[in-house]
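The UniProt record's numbering applies: residue 1 is where the sequence shown begins, and numbers increase by one. Backbone N, C-alpha and C define an ideal beta-carbon position, used for all residues, glycine too.
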Amino acid sequence: MSSAGEEVPVSECEAPSPPTEVPCERACPGDCVLGSWGSWSPCSHSCGSKSAEGRQSRSRPVLALPAKEGKACPAPSALEEWRVCNEHPCMLFYWEASPWGPCIQDTSMNLNGTSSWNGTSACAMGVQIRKATCMKMNSGQVINKR
Numbered sequence: 001m002s003s004a005g006e007e008v009p010v011s012e013c014e015a016p017s018p019p020t021e022v023p024c025e026r027a028c029p030g031d032c033v034l035g036s037w038g039s040w041s042p043c044s045h046s047c048g049s050k051s052a053e054g055r056q057s058r059s060r061p062v063l064a065l066p067a068k069e070g071k072a073c074p075a076p077s078a079l080e081e082w083r084v085c086n087e088h089p090c091m092l093f094y095w096e097a098s099p100w101g102p103c104i105q106d107t108s109m110n111l112n113g114t115s116s117w118n119g120t121s122a123c124a125m126g127v128q129i130r131k132a133t134c135m136k137m138n139s140g141q142v143i144n145k146r
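Shown next as structure tokens:
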């Protein structure tokens, strides 16, 4: 449909059409009827917590209780699922590097008239320098205690 609510030809839509039907389970008359599983809860683990891994849960509701002769609903524990999440250890230490400085001549290597790696003529080898600092997550710079 157009923004004005008019139906337009299918050929105007480039992406494949979304599904218009999906399979589902129909309960026998009188059986317990369960809803779909909900979304997973947020992971209980973050890098600020002490536990090594987190957990997530999701549940499904009972939509209709069974009739006298119908199939019973599952136990409450079967209406909830758990899974492990954030199993990777948090990185407590990491490197923080400053931008590279300018290319300065390396006097220990003097290669007159050589070609550089990209094929252009170079008079001498150079070196770029930057500072690298070991940082601790949520703390800042690590002091070297030697």
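Option nearest residue i by Cα separation, candidates the options
{"i": "Lys136", "options": "Glu96, Ser36 and Cys85", "result": "Glu96"}
{"i": "residue 152", "options": "Pro61, Gly54 and Gln56", "result": "Since the first residue shown for the chain is 1 and the last is 146, residue 152 is missing from the structure and cannot be characterised."}
{"i": "Ala78", "options": "Lys68, Val127, Ser57 and Pro9", "result": "Ser57"}
Cβ-based neighbour list, residue i, same chain, cut-off 7 Å, excluding 5 preceding and 5 following
{"i": "Asp31", "result": "Pro66, Gly70 and Lys71"}
Contact under 8 Å by Cβ, residue i with residue j
{"i": "Gly35", "j": "His45", "result": "no"}
{"i": "Val127", "j": "Ile104", "result": "yes"}
Straight-line Cα distance separating residue j from residue i
{"i": "Glu80", "j": "Val33", "result": "15 Å"}
{"i": "Ser11", "j": "Thr20", "result": "17 Å"}
{"i": "Pro76", "j": "Ala64", "result": "14 Å"}
{"i": "Lys131", "j": "Pro99", "result": "8 Å"}
{"i": "Pro18", "j": "Pro74", "result": "33 Å"}
{"i": "Pro9", "j": "Ser39", "result": "36 Å"}
{"i": "Thr133", "j": "Ser41", "result": "37 Å"}
{"i": "Trp82", "j": "Ser59", "result": "9 Å"}
6 Å CB neighbourhood of residue i in its chain, flanking five on each side removed
{"i": "Ile129", "result": "Gly101"}
For residue j and residue i, believed in contact at Cβ under 8 Å, the rounded distance
{"i": "Asn86", "j": "Cys43", "result": "5 Å"}
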